[in-house]
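Numbering (the numbering used here), first residue to last: 840 to 1202.
The beta carbon of each residue, even a glycine, is placed where N, CA and C say it ideally should be.
I have placed the structure first, in the form of structure tokens, so that the comments after it can refer back to it.
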Amino acid sequence: MLAPRPGVIVLLAGLVGGTAALRRESTPSPTPSDRPSPTVAPPPSGPLLSDSRGFIALSGPSLPAELRRETDPVAIDQLRGQGFIGAVSGTGRRVAYWVTSEGATRELRVFDVTAPDQDTTLATVLDTERGAAAVWSSDRTGILVVVESSGRSGSAEAPGPFSALRVVDTPTRSIHEISRITDGSQYWPAGWDRVSRLVGACVYGADGMGIAWAVVGEDALSARVPMDGGIPARTIVASGNDVLGVLNATVIRVWTLASYTQHLEFGAVSGERISFARWRPTTDEIVVLVADRLELWPKGGGDRRIVARGLPIAKDLLVSSDGALAFVTFDGGFSAMTIDLASGRTIALPMSGAQLVAPLSFR
């Protein structure tokens, strides 16, 4: 990998804004559960895997993350540092990630997957801080990051535990903090709508379960709405302004960045467990791994379509950035099955000891 080009490195400082309550909405009646409809598979045609798509993959938490193609598990490039804390843009083309080196996670970098050797630094944080998470804004011009206390002492006394939301404008590299919590809970970032200038994030506790939904404006005006128990923060993902989370492994709850209280609910068949739910890009559908089946559920309710049956117990579920394929990983994440979401065709994905982390597009 080539050395990074000289760039502006910005030290982030804690800027705590005031708070003001946003208007709360009334809660609608839950949408009744729909039973899945029979599988309707079009005739198969053409190869499923493509050189124009790929993945970030990881062979171990202390090793650098790798870039690979769908058709070949051999790495075509490596990221800096160890592990992967970051996010891929909605197009699958741009990657933002925190570099972990010698136990410190302080540098935020970004690159285009067609030129990974030209990655550049967006920001660094203080010695007493560490980067903890990142998501792209819906228009791909900004990055919402979580910064937390590193527990290290810098030139001054280390701050107490905190979790902060900071927004990064990628064209200008301007950065500012819009919210900070110091009660021992943490932020899980969901999304950033740059049109409405609103950020949505989950506040979660030590058990990983959501406690509250935070809506924060870029002007630091914010509101927190208590969340129902049973939604793990890591099940919460956004697509544009829409957000989903899995409640008690049996219900998919759908809301918006600006409103958690106004939501829809879609339940699994009684006695069945939802393992994973992911948005299907470019559509209004949710890819759901429920029991041993992969299904497509409309985000607004309606008939569900069974795509594949008889799937193994899954480690993870990924969906390609163009919404064409799903990848079910199993065997501890070291094996994967490719599923065509249009036809239901399945083939094994070539693997070589690295777990899939996120889908990419080289187009």
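task: May I ask you to report which of helix, strand or coil DSSP gives ARG1202?
output: coil
task: Within its chain, find whatever has a CB closer than 8 Å to the CB of ALA973; leave out the 5 residues flanking it on each side and keep chain order.
output: ILE924, GLY925, ALA926, ALA935, TYR936, TRP937, LEU947, ILE982, LEU983, VAL984, VAL985 and PRO1028
message: Please classify PRO886 as buried or exposed, where buried requires at least 16 other C-beta atoms within 10 Å of its C-beta.
response: exposed
message: Run through the DSSP bridge pairs and tell me what VAL815 is partnered with.
response: Since the displayed the chain opens at 840 and closes at 1202, residue 815 lies outside it and no answer follows.
query: How is ALA859 classed by DSSP in three states: helix, strand or coil?
result: Low per-residue confidence applies at ALA859: pLDDT is 33, beneath 50, and the placement is therefore not dependable, though the value from the model is reported in the following sentence. It is coil, neither helix nor strand.
task: Using three-state DSSP, classify THR930 as helix, strand or coil.
output: When secondary structure is reduced to three states using DSSP, THR930 falls in the coil class, being assigned neither helix nor strand.
message: Less than 8 Å between CB atoms is the rule here; does GLY922 satisfy it with respect to chain D?
response: Looking at the structure shown, chain D is missing, and only one protein chain is on hand.
query: If you draw a straight line from the alpha carbon of LEU1164 to that of ARG1143, how long is it in whole angstroms?
result: 17 Å
message: On the criterion of 16 or more Cβ atoms from any shown chain inside 10 Å, does SER941 qualify as buried, or is it exposed?
response: The sequence given here has Glu at residue 941, not Ser. Label assigned to GLU941: exposed.
query: Which class does GLN957 belong to by DSSP, given the choice of helix, strand or coil?
result: Note: GLN957 maps to helix in three-state DSSP.
field: Beta carbon of ALA783 nearer than 8 Å to that of ARG1036
entry: This structure leaves residue 783 out entirely; the chain is present only between 840 and 1202.
query: If you check the beta carbons only, do ARG907 and VAL913 fall under 8 Å apart?
result: yes
Reduced DSSP category for ASP1170 - H, G, I as helix; E, B as strand; rest coil: Look at ASP1170 here: in three-state DSSP terms it is helix.
query: Leaving out the 5 sequence neighbours to the left and right, which residues in its chain are closer than 6 Å to ASP1099 when beta-carbon positions are compared?
result: The question names Asp, yet the displayed sequence has Tyr at residue 1099. Within the same chain, TYR1099 has close Cβ partners TRP1052 and VAL1064.
- request: Consult DSSP for ARG1073 and reduce its assignment to one of helix, strand or coil.
  value: helix
- prompt: Mind checking THR1095: buried by the 16 CB within 10 Å criterion, or exposed?
  reply: buried
query: Tell me the DSSP bridge mates of GLU1104?
result: ARG1092
field: Under 8 Å between C-beta atoms of ALA1040 and LEU1004
entry: Result yes, Cβ atoms of ALA1040 and LEU1004 sit closer than 8 Å.
Cα-Cα separation between ARG932 and GLU1134, rounded to whole angstroms: 27 Å
task: Kindly give me the distance between the Cβ atoms of ALA1116 and THR1185, rounded to whole angstroms, as I take these residues to be in contact under 8 Å.
output: Actually they do not touch by this definition, with Cβ atoms about 20 Å apart.
- prompt: Using a Cβ-Cβ cut-off of 7 Å (strictly less than) and excluding sequence neighbours within five positions of GLY1056, which residues of its own chain qualify?
  reply: ARG1036 and LEU1037
task: For GLY929, count neighbouring C-beta atoms within 10 Å of its own C-beta (all shown protein chains included) and say buried if the count is 16 or more, exposed if not.
output: buried
- prompt: So what's MET1066 in DSSP terms, helix, strand or just coil?
  reply: coil
query: Near MET1190, which residues of its chain fall below 7 Å by C-beta distance, leaving aside the five closest residues on each side in sequence?
result: PRO912, PHE1173, SER1174 and ALA1175
message: Measuring only the C-alpha atoms, how far is ASP966 from PRO955?
response: 27 Å
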